[in-house]
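Residues 43 to 221 (our numbering) are what the sequence shown spells out, left to right.
Quick notes on the structure that follows.
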Amino acid sequence: MVDEIQSRMIQLLPRLRRFALALTGDRDKADDLVQDTCERALAHLDQWKPGTSLDSWMYRIAQNIWVDHHRGRKAQGDQRQLDELENLVGMDGRNVTESRLTLAAVTDSISRLPPEQQVLVAMVCVEGISYKEAASILNIPIGTVMSRLSRARQTLYAALTETPAANPPIPFPASGRER
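Below you can see the structure in the form of structure tokens.
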């Protein structure tokens, strides 16, 4: 049974890493978050209830660890590291630079959202988790998921277009999953 659960955890790693990267905005921190999540999950495997979603349980652990670290970071002040330069030979420098600047602006804007909104943006917009599943993972009503995402989208739209948050949010394409 433990081997089966560990195997399922290994299969979940790519999705868990994307989620962690969306939360942290940094590859190294995301890897650390995934490692901490797996360590905590394995140490507390007896708390997982067979028949429930292992994915949801792991996301919840990652979210709890991240919130704890986020609180500590907020108390100490945020520190950012420069990304390592990659070999850009053969690429259009202007396009690469514009893409990186846009990604940096989006990542920075997401990092300025309240933690509960960051988690939902990562779950729903990055990972494609349904509103219903996100509500279940976070143990909140689906209406709360919808309102937090709406506020997050409005804030992101305002930050990225430098317009008041009262303007309509950028439409996020719905996935095939139930919302």
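All C-beta atoms, glycine included, are put in the ideal place defined by N, C-alpha and C.
On a predicted model such as this, the values are computed, not experimentally measured, just so you know.
Which same chain residues end up closer than 6 Å to glutamine 105 when comparing Cβ atoms and leaving out the 5 residues on each side of it in sequence?
Here residue 105 refers to the residue found at position 63 of the sequence shown. Closer than 6 Å at Cβ, skipping near neighbours: Val161.
Just mark threonine 197 as buried or exposed, buried being the case when its beta carbon has 16 or more other beta carbons within 10 Å.
Taking the sequence shown and counting its residues from 1, one reaches residue 197 at position 155. So threonine 197 counts as buried.
Taking just the CA atoms, how far does threonine 186 sit from aspartate 74?
Within the sequence shown, numbered from 1, the residue matching residue 74 stands at position 32. Within the sequence shown, numbered from 1, the residue matching residue 186 stands at position 144. So the two alpha carbons sit approximately 29 Å from each other.
Is serine 178 near serine 95, with beta carbons less than 9 Å apart?
Counted from its first residue, the sequence shown places residue 178 at position 136. Counted from its first residue, the sequence shown places residue 95 at position 53. In this structure, serine 95 lies closer than 9 Å to serine 178 by Cβ.
Looking only at its chain, what residues have a beta carbon closer than 7 Å to the beta carbon of arginine 221, apart from the 5 residues adjacent to it on each side?
In the sequence shown, residue 221 corresponds to position 179, counting from 1. Confidence at arginine 221 is low in this model, with a pLDDT of 47, below 50, so the placement of that residue is unreliable and no value is reported for it.
If you drop the 5 nearest sequence neighbours on each side, which residues of the same chain put their C-beta closer than 8 Å to that of alanine 83?
As a position in the sequence shown, residue 83 is number 41, starting the count at 1. Same-chain partners within the cutoff: Met51, Trp90, Trp99, Met100, Ile103.
Does the Cβ-Cβ distance between arginine 60 and valine 168 come in under 9 Å?
Here residue 60 refers to the residue found at position 18 when the sequence shown is read from its first residue. Here residue 168 refers to the residue found at position 126 when the sequence shown is read from its first residue. The answer is yes: Cβ separation under 9 Å.
If I follow the unbroken alpha helix (DSSP H) through serine 192, where does it start and stop?
In the sequence shown, residue 192 corresponds to position 150, counting from 1. Unbroken alpha helix (DSSP H) run through serine 192: 184-203.
Please report how far the alpha carbon of threonine 149 lies from the alpha carbon of alanine 201, in whole angstroms.
Locating residue 149 in the sequence shown gives position 107, where the first residue counts as 1. Locating residue 201 in the sequence shown gives position 159, where the first residue counts as 1. Near 11 Å, if we compare the C-alpha coordinates of alanine 201 and threonine 149.
So what does DSSP say about arginine 59, is it helix, strand or coil?
To locate residue 59, count along the sequence shown from 1; it is residue 17. Arginine 59: helix per DSSP, three-state reduction.
Identify, in the order they occur along the chain, each residue of the same chain with its Cβ nearer than 7 Å to the Cβ of valine 166, setting aside the five sequence neighbours on each side.
Here the question's residue 166 lines up with position 124 in the sequence shown. Counting only Cβ-Cβ distances below 7 Å, and skipping sequence neighbours, we find Tyr173, Ala176, Leu191.
Contact set for aspartate 97: own chain, Cβ-Cβ below 8 Å, skip 5 residues either direction
Within the sequence shown, residue 97 is the residue found at index 55, counting from 1. Closer than 8 Å at the Cβ level, and outside the excluded window around aspartate 97, lie Leu54, Arg57.
Nearest neighbour of isoleucine 152, chosen from His86, Thr79, Val44, Ala64 [CA to CA]
Counting from 1 along the sequence shown, the entry for residue 152 is found at position 110. Comparing Cα positions, the closest option is Ala64.
Reduced DSSP secondary structure (H/G/I, E/B, other) of serine 172
Position 130 of the sequence shown, counted from the start, is the residue given in the question as residue 172. Per DSSP, reduced to three states, the secondary structure at serine 172 is coil, with no helix or strand assignment.
For aspartate 120, which three-state DSSP category applies?
Numbered from its first residue, the sequence shown carries residue 120 at position 78. Here the model assigns aspartate 120 a pLDDT of 46, short of 50, so the residue's position is not dependable and the matter cannot be decided.
Residue range of the alpha helix (DSSP H) that includes lysine 71
As a first step, residue 71 must be located in the sequence shown, where it is residue number 29. Taken as a continuous stretch (DSSP letters only), the alpha helix (DSSP H) holding lysine 71 covers 69-85.
Specify the secondary structure class of threonine 94 as computed by DSSP and reduced to three states.
Residue numbering aside, residue 94 sits at position 52 when the sequence shown is read from its first letter. Of the three classes helix, strand and coil, the one that applies to threonine 94 here is coil, per DSSP.
For alanine 159, which residues from the same chain have a beta carbon less than 7 Å from its beta carbon, with the 5 sequence-adjacent residues on both sides left out?
Indexing the sequence shown from 1 puts residue 159 at position 117. The sequence given here has glutamine at residue 159, not alanine. The answer, listed in chain order, is Arg190, Arg193, Ala194.
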